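Have a look at the structure below, then the notes.
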Amino acid sequence: LEYEKSEVNAGFFYSSAEQRDRLVESERKFTDEKVRKIVALKRRVCTEENKKTFVIINQKGIDPPSLEMLAREGIIALRRAKRRNMERLPLIVGGQAVNSVDDLDLDDLGEADLVYEMSLEDDKYTFIEGVK
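Numbering (our numbering), first residue to last: -14 to 117.
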């Protein structure tokens, strides 16, 4: 949910400031569309009747505008999760880890009773309890 930096050493050369602004706007639209897909899935899953909360756990970063959009919808977003934790999560909560929001479906979601963060000294830990 953050515009990915290419692993290939490449550069963009702009002939004008307008050209650069168009690229930045295009990147923002691309990222916002990903967030909209997550929000749409959350609205299908979490209703007033079932009182469920939606949590996104991401291995990469999430940029501030995307975090704000998710927070406005009541979605808890955890970023920069470690790979080994991402491998364990689907095993304990059910569901699957997905590489793209385009592939995201109800069958990919896991379930837990409680997700909370606790600070121990300088480190913050996220705990997931009541897994199904």
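Yeah, the Cβ is synthetic: ideal placement off N, Cα and C, and Gly gets one too.
It should be emphasised that the depicted structure is a prediction, and the values quoted were computed from it without experimental measurement.
Quickly, what does DSSP pair residue 48 with across the bridge? List them, please.
-> Beta-bridge pairing links residue 48 to no other residue.
Can you name, in chain order, every residue of its own chain whose Cβ lies under 8 angstroms from the Cβ of residue 63, other than the five neighbours on each side?
-> 40, 41, 42, 43, 111
Grouping DSSP H, G and I as helix and E and B as strand, with all else coil, what is residue 111?
-> strand
For my contact list, residue 27 and residue 58 are in at a C-beta cut-off of 8 angstroms; report their separation, rounded to the angstrom.
-> 6 angstroms
In this structure, does DSSP put residue 99 in helix, strand or coil?
-> strand
State the start and end residues of the unbroken beta strand (DSSP E) segment that holds residue 39.
-> 39 to 42
If you draw a straight line from the C-alpha of residue 2 to the C-alpha of residue 47, how long is it?
-> 26 angstroms
DSSP three-state assignment for residue 82, whether helix, strand or coil | coil
Mapping DSSP to helix, strand and coil, what is residue 105?
-> strand
From 102, 23, 49, 60, residue whose alpha carbon lies closest to that of residue 37 = 60
Residue 4 versus residue 23: straight-line alpha-carbon distance, rounded = 30 angstroms
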